[in-house]
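Enquirer: Last residue of the sequence shown: 90 in my numbering, with the numbers rising by one and none dropped. By construction, the Cβ of each residue, glycine as well, lies at the ideal position given by its N, Cα and C atoms. Here you go, one structure.
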Amino acid sequence: MGLTNNDIFKKLRVAHKLTNDDIVKICALVDFRVSKSELGAIFRKEGHEKYMECGDQFLRNFLDGLIIHLRGPMPEKKAKSSKQ
């Protein structure tokens with residue numbers, strides 16, 4: 007079986023050496039609220055009673071925030087000046 011969203015999230019957390027506080031701040035960059043207890047549930051083993059599946063939207067928002075965290079916000083596009 008392939009990797010689940012939880013597996014991908016765990017691997018990214020380890021690869022970037024992120025704490026729960028870091029992940030909460032990263033999600034806040036894209037106006038996505040997540041609690042430390044939700045993160046604890048996502049990072050538990052699959053058979054645990056408090057295990058929570060990481061949904062596509064959750065992972066997508068985290069990845070969008072991670073891009074901003076690593077690269078910085080997108081620069082504003084300059085308006086094209088019209089030639090007359």
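Roughly how many angstroms separate the alpha carbons of N26 and P79, rounded to a whole number?
Expert: As a first step, residue 26 must be located in the sequence shown, where it is residue number 20. As a first step, residue 79 must be located in the sequence shown, where it is residue number 73. Roughly 22 Å between the two C-alpha positions.
Enquirer: Look at the Cβ atom of L35, then the Cβ atom of G71, and state whether they are nearer than 7 Å.
Expert: Translated into positions along the sequence shown, residue 35 becomes position 29. Translated into positions along the sequence shown, residue 71 becomes position 65. Yes. Within cutoff.
Enquirer: Unbroken alpha helix (DSSP H) runs of length 4 or more, entirely within the region 31-61: which are they?
Expert: Entirely contained in the region 31-61, the alpha helix (DSSP H) runs reaching 4 residues are, in chain order, 42-48.
Enquirer: Shortest alpha-carbon distance to L45 belongs to which of H75, G8 and F64?
Expert: Indexing the sequence shown from 1 puts residue 45 at position 39. The residue with the shortest Cα to Cα distance from L45 is F64.
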